[in-house]
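Its first residue numbered 0, the sequence shown is counted upward by one per residue in numbering that gives the first Met the number 0.
Below is one structure, written out as structure tokens, with a few remarks after it.
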Amino acid sequence: MEKRAAVGDDGMVGTAPAVGETASRVQNAPTLYVVVPCYNEQEVLPETARRLGDILRAMRATGSIGPASRVLFVDDGSSDATWELIEGLHRNAAASDGLFAGVKLAHNAGHQNALYCGLMVALRRGADVAISIDADLQDDVRLIPQMVEAWDNGAQIVYGVRRRRDKDTVAKRSTAEAFYKLMRLLGAETVPDHADYRLMGRPALEALSQYSEVNLFLRGIVPMLGFKTERLYYDRAARFAGTSKYPLKKMLAFALNGITSFSDRPIHLITLAGALTLLVSFIMLVYVLVSALTGRAVAGWGSIMVSIWFVGGLVMVSLGVVGEYIGKIYLESKHRPRYIVEEELQ
Ligand code: UDP
Ligand code: MG
0 MEKRAAVGDD
10 GMVGTAPAVG
20 ETASRVQNAP
30 TLYVVVPCYN
40 EQEVLPETAR
50 RLGDILRAMR
60 ATGSIGPASR
70 VLFVDDGSSD
80 ATWELIEGLH
90 RNAAASDGLF
100 AGVKLAHNAG
110 HQNALYCGLM
120 VALRRGADVA
130 ISIDADLQDD
140 VRLIPQMVEA
150 WDNGAQIVYG
160 VRRRRDKDTV
170 AKRSTAEAFY
180 KLMRLLGAET
190 VPDHADYRLM
200 GRPALEALSQ
210 YSEVNLFLRG
220 IVPMLGFKTE
230 RLYYDRAARF
240 AGTSKYPLKK
250 MLAFALNGIT
260 SFSDRPIHLI
270 TLAGALTLLV
280 SFIMLVYVLV
290 SALTGRAVAG
300 WGSIMVSIWF
310 VGGLVMVSLG
320 VVGEYIGKIY
330 LESKHRPRYI
340 VEEELQ
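Encoded structure:
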């Protein structure tokens, strides 16, 4: 969607700057993009647009964000009326303040890809700062001004973190907790109880654009970027309307993707298990020899036991070694940037 709004996309057109301090504040005010991935969200979308619209308009009025700021809906290949609703919002807004923009994906690319697309569009359109938020109003929109304030005070990335999860089902809560624990155990850095409600400044977005991997797991990548970060806490509400687009099956796939995208520790574990099995075979050998010498051994038993453990261990170690190489190839194939420059002095 490259339709341009009548007012605002490139700055101050049509808005008379106020006098004095407010004027300079408005001129320097950052362009904020709120990126909202939507998959079959026709039930909640009007309310989401209303609430986000209210907040952004208020922020524009006080000059904390610039007039080119937008709510960018990314339609992730919905099969309901989601896109028609977005088109309607865009049309109505274009006549007034052009607040609502949209991108339509050709097929259901998944939450993470839709989000990434929205962030990249925001970057291309010159956003100074982008906030990603789910369409279902589970995340507290009142955090948006606070996030921008934290950014104003120097944070490049601001995480919205859930204080309590009592609105989630027990199944969802316990699986999520287990997941974050496992991630930490496997050495991937994530922010516990942070879903994809976060602010990213332009340098962070540019850094993110260098990650060319296809298996996207933003909650793992963003903490890898570095930069000055901040956490803000909120209470997560229940879904405003509609049903979860993340059934258990999708959630498990998401978790597995998160783990395998960030950690080659499972491969190390195979190597370790192989080494332990080999160790057991040597212990067995000693035990067998001792039994033979003390004359308590059944004929043939010792050689079978030792070879079972030994061959088993050998196979596992070999698998592990092959796996180590595959792990390296896997990480190479992601073409991740080796480093990200935050600042350069000339
Ligand atoms: N979503 C999406 N594509 C998908 C699945 C979900 O863009 O394939 C969006 C969805 O519209 C919502 C967000 O991702 O804005 C989170 O989904 P949901 O609220 O259903 O997940 P839950 O909060 O239940 O984990
Ligand atoms: Mg939700």
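Ideal Cβ positions, reconstructed from N, Cα and C, are used throughout, including at glycine.
Computed from a predicted model, the values in this text were never measured in an experiment.
Collapsing the DSSP output to three states places L215 in coil. The DSSP assignment places complete beta strand (DSSP E) segments of no fewer than 3 residues inside the stretch 69 to 119 at 69 to 74 and 99 to 103, in order along the chain.
By the neighbour-count criterion, in which a residue is buried when 16 or more other Cβ atoms sit within 10 angstroms of its Cβ, E40 is buried. In this structure, C37 has its CB closer than 7 Å to one or more heavy atoms of the ligand UDP. For H193, the CB stays at least 7 Å from every heavy atom of the ligand UDP. If you draw a straight line from the Cα of Y210 to the Cα of E188, it is about 16 Å long.
Within 7 Å of the C-beta of D79 there is not a single heavy atom belonging to the ligand UDP. Contact between the stretch 261 to 281 and the stretch 291 to 298 is absent, with fewer than three C-beta pairs closer than 8 Å.
Ranking I130, Y324, P265 and M146 by CA distance to the CA of L231 puts M146 first. Per DSSP, the unbroken beta strand (DSSP E) holding G200 starts and ends at R197 to G200. Residue side-chain check: H110 places its Cβ nearer than 7 Å to a non-hydrogen atom of the ligand UDP. The closest CA to that of I132, considering only F281, R264, E229 and L44, is found on L44. One alpha carbon belongs to A113, the other to V35, and they sit about 9 Å apart.
In the three-state DSSP reduction, T168 falls in the coil class, being neither helix nor strand. Around the CB of H89, 16 or more other CB atoms lie within 10 Å, so the residue is classed as buried. V43 sits in coil when the DSSP states are folded into three classes, being neither helix nor strand.
For Y329 and M58, the gap between their C-alpha atoms comes out near 45 Å. When DSSP states are grouped into helix, strand and coil, S131 belongs to the strand group. With respect to G52, V70 sits close: the two C-beta atoms are nearer than 8 Å. Nearest neighbour of D139 by Cα position, chosen from R56, R238 and S317, turns out to be R238. Inclusion of L142 and A129 in the CB contact set at 8 Å is not warranted, their separation being larger than that value.
Of the residues assessed, G159 falls on the buried side of the cut-off, its CB having 16 or more other CB atoms within 10 angstroms. In the three-state reduction of the DSSP assignment, L136 falls in the coil class. Linking A108 to V285 through their CA atoms gives a straight-line distance of about 57 Å. Shortest gap from the CB of Q137 to any heavy atom of the ligand MG: under 7 Å. Taken through DSSP and simplified to helix, strand or coil, L231 comes out as strand. Short of 7 Å from the beta carbon of M315, and not among the five residues preceding or following it, lie these beta carbons of its own chain, in chain order: I269, A272, G273 and T276.
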